[in-house]
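Chains as they are written, first to last, in my numbering: chain A, 2 to 335; chain B, 1174 to 1484; chain C, 16 to 341.
Structural data, given as structure tokens:
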């Protein structure tokens, strides 16, 4: 399988009045062709920031450092473009074309004063040589595909005339306009009701299968991840603390944070079991601890955890975890 | 730190001991605790223009208090032998057509102008906050009736109030204050009303209701306190407005009575000499414009410092 | 359960709002809550579940009189809440409390944590001296797992979960008998949700408090509720013991709601059969004439579109559906 996205050692820092917020710290990941990668983490874990940096959508104040960032083998590492204009031109050709994004809140993305037909046509007109007529037909096709009933009448309506679920479908239609190779979905169902969430998730899966694209799904909901994703990255405190296939993460979790997450969510099919919450609150990225970011909430923390960030331990070709317990186990065995 | 560099297999075993729960700090608060006022001041300080303005105003207030006290001259003491003197060592800003010291008169005028300005702002603040708060909080019919009354008061030209007040109470500083305040509070009331209307839907206001807090408590402890930012800014901007109105009234001759001085009466007196001694006009005009300008800058600075959206 | 006394009883409660429907259409009525009857017993948790716009929050707000009911009676310990005045109303305000959804909006940003938790005591004149109040505040902070030195901090310095715990501490200051929790965990991170649930459960064990726990999906509700009521478009469609509802849901909407929860298990999650539920909730401005669920129900019959099924007892639960009546 080819890698469609390959990122190595990405760090993002935001200078603020209080100090420097180290949102993403030294993160490496990749996405294979045709797979759905889930990125799980709580708010402030850096999951959205790392994806926004792929799209070149971070504010200008963000300080990015990165060793490698490739999309379809093409260099899109902002650090390799001393000229901002050149980078902007490269990204313009990719964004909304080869790479598309689905946002959490459709209302902030849709222009409230523009008919949705025009909003769907825009990326088509920008990136292809189609005429207005052809683009409109394409838009109708897309609307039908994402399940908007009677597209011929709805294409001339404004965003406020649609419900939340329908707006999210429009966002998906816009994202799909040019058959992107990679779709980044940032919490696409968080704002939706459960029954609508189920519809939208099915739609994302259907779209991915028919277009054979790859998907990065950012979410905090482990249920969503389990039913959709092939591989999962668990992020905490700006780091990817564990990465693995869906089964490795759910059946053989290695990192205490992953284990903690799994034991504090509810499985509707299981019988009553007490929830075991993770104590405390997430760390502050203004002053990230020198060691493991999870140390203060971890039930198994050791002295070393406070002092030094563990290296990634390879557990299988697809499964890696950053935890000192692995080193400790090795020493016990000796 | 050596732990950061040594190879993993050489990390001593004792570092792999479990941490005690007491060594963890998982209810961690990062920021230094700062009160609202400290935070606002820190932001205000960054606005150099506003800071200079504040300094200017402070100097003006101090001079207004001290100069008439220490100066050998009084505001009405005439020296007919020394009329229309240019600025010099004896009279720093010169004298007027009756030989009165302009500096003393200017600072005496500052006392009147500034106190009229601040007093009017405080009066408008009190009436406006209570009136607007009640309208916004209770809403409905009460709000409609009260706001229509305010509209009617606002729609009558303020000159009419001035003339009426002057007729009844005569020309003195209190009539000026009264005339400014008859309709001056309405802008404040409108602003407080909109603020309170949007804030009363906030969950903390609703939580207070569920707790059983009285209307008075919810309105003044929660809603007004949280609208304080815009209220303070509005009050600051009301001061120059009042100063200007007072100066204007004095200039057209319906303000305080001579020989007392205010910046407006001084400008009025200097008017006849504008061809021959224009410098006499310069002082009061400069005082009025610089004071108004600095109050506006302070208002701007406060607006930025107190607006939670800006930080 | 049955021997426990009824604490709150809703009898046919309706809450309507009037909205202007645009320039030519005049005023229209939104039937947010439409003829709801429910009982909440002492010391129990009733989960109230429904999607956005189903009227669940309005129902909660109606019980604490943030909205006035259009019709029906709300009885708290046998007394009609809407008729309370003076001392009786003050007592009702002490005994029922509410926790709100948005932990960022429910704490006054200009007050310190100490002042926030002290406020209900000040309003009701509890715990006499300042010193006693201070001690009580510290005790409450510890109950919800926060530190005494947080007392002089401001809300914006806390994370969402910490703020929600401050909210809980504030409601506990009055030692209420009944707390309405209006989606207290839906704005929080997963690792924090369980904390809040466990704190609420512990408090219930210790003090025998009753909760109405409002939520928009069925996933976390199970862990806290003794009984669950499912609401759709202003109506209760199914009520019963929480195990019963989870194991054998009867109303087609409850079934769909349950099957829509994503299962945190990769094998079963990916192969699960979901009950496809087309469409969206109709507007409460003009709800369907018959069963509220008829427009989306996979098994809707002809009469579902014309007649409204009533909530009626079916063994161990109450359901409102014609298909179950035979």
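All C-beta atoms, glycine included, are put in the ideal place defined by N, C-alpha and C.
Asked                                                                                                                          : Found
Span separating the alpha-carbon of residue 330(C) from that of residue 53(C)                                                  : 17 Å
Minimum Cβ-Cβ distance from residue 278(A) to chain C less than 8 Å                                                            : yes
N- and C-terminal bounds of the alpha helix (DSSP H) containing residue 16(A)                                                  : Here residue 16(A) belongs to no alpha helix (DSSP H); instead the beta strand (DSSP E) covers 4 to 16.
Within chain A, the residues that residue 161(C) reaches when beta carbons sit closer than 9 Å                                 : Here the premise fails: no neighbours, minimum Cβ distance about 10 Å.
4-residue-minimum alpha helix (DSSP H) runs that sit fully inside the segment 1279 to 1342 of chain B, ordered along the chain : 1313 to 1328 and 1331 to 1342
Proximal chain A residues relative to residue 249(C), where beta-carbon distance stays under 8 Å                               : The premise fails here: residue 249(C) is roughly 16 Å from chain A at the closest Cβ pair, so nothing lies under 8 Å.
is_contact[residue 97(A), chain C] using C-beta, thresh 8 Å                                                                    : no
Contacting residues, own chain, Cβ-Cβ under 6 Å from residue 256(A) (five flanking each side not counted)                      : 242, 243, 322 and 324
Cutoff 8 Å: residue 256(C) Cβ touching any chain A Cβ                                                                          : no
Below-8 Å beta-carbon distance, residue 287(A) vs any chain F residue                                                          : As a matter of chain content, chain F is missing from the structure shown, whose protein chains are A, B and C.
Reduced DSSP category for residue 215(A) - H, G, I as helix; E, B as strand; rest coil                                         : strand
Min CB distance residue 342(C) to chain B below 8 Å                                                                            : Outside the displayed range of chain C (16 to 341) lies residue 342(C), so it cannot be described from this structure.
Every unbroken alpha helix (DSSP H) within the segment 45 to 75 of chain A, with a cutoff of 4 residues, ordered by chain      : 48 to 56
Beta-carbon spacing of residue 25(A), residue 47(A) below 8 Å                                                                  : yes
Spatial neighbours of residue 312(A) in its chain, beta-carbon cut-off 6 Å, leaving aside the 5 residues before and after      : none
Among 70(C), 145(C) and 314(C), nearest to residue 267(C) - alpha-carbon criterion                                             : 314(C)
Segment contact flag, the segment 153 to 170 of chain A with the segment 239 to 258 of chain C, C-beta cutoff 8 Å, min 3 pairs : no
Residue 1283(B) and residue 1412(B) closer than 8 Å at C-beta                                                                  : no
Contact the segment 212 to 232 of chain A vs the segment 286 to 306 of chain A: 3+ CB pairs below 8 Å                          : no
Pick from 127(A), 222(A), 63(A) and 184(A) that is closest to residue 104(A), judged by C-alpha positions                      : 184(A)
Among 21(C), 23(C), 20(C) and 45(C), nearest to residue 297(C) - alpha-carbon criterion                                        : 45(C)
Cβ-Cβ separation, residue 1467(B) to residue 1217(B) (assumed contact under 8 Å), whole Å                                      : That belief does not hold up - the Cβ atoms of residue 1217(B) and residue 1467(B) are roughly 14 Å apart, past 8 Å.
Spatial distance of residue 16(C) from residue 278(C) (CA atoms)                                                               : Per-residue confidence for residue 16(C) stands at a pLDDT of 45, beneath the threshold of 50, marking its modelled position as unreliable; no derived number is given.
Endpoints, the alpha helix (DSSP H) within which residue 121(A) is located                                                     : 117 to 128
Interface partners of residue 121(C) on chain B, CB under 9 Å                                                                  : 1375, 1376, 1377, 1379 and 1380
Residue span of the beta strand (DSSP E) that contains residue 236(A), given as start and end                                  : 232 to 237
Beta-carbon gap between residue 211(C) and residue 176(C) smaller than 8 Å                                                     : yes
Test item: CB-CB of residue 1285(B) and residue 1429(B) under 8 Å                                                              : yes
Residue 94(C) - partner residues in DSSP beta bridges                                                                          : 91(C)
Cβ neighbours of residue 280(A) in the same chain (closer than 7 Å, five flanking residues each side left out)                 : 298
Short Cβ contact (8 Å threshold) for residue 1246(B) with residue 1281(B)                                                      : no
Cβ-Cβ distance between residue 87(A) and residue 215(A) below 8 Å                                                              : no
Three-state secondary structure (DSSP) of residue 330(A)                                                                       : helix
Residues near residue 168(C) in its chain [Cβ-Cβ closer than 8 Å; skip 5 each side]                                            : 127 and 128
Rounded straight-line distance, which links the Cα of residue 1409(B) to that of residue 1483(B)                               : In this prediction, residue 1483(B) scores a pLDDT of 49, lower than 50, which makes its location untrustworthy; no coordinate-derived value is stated.
Local conformation of residue 80(A) per DSSP, three classes                                                                    : helix
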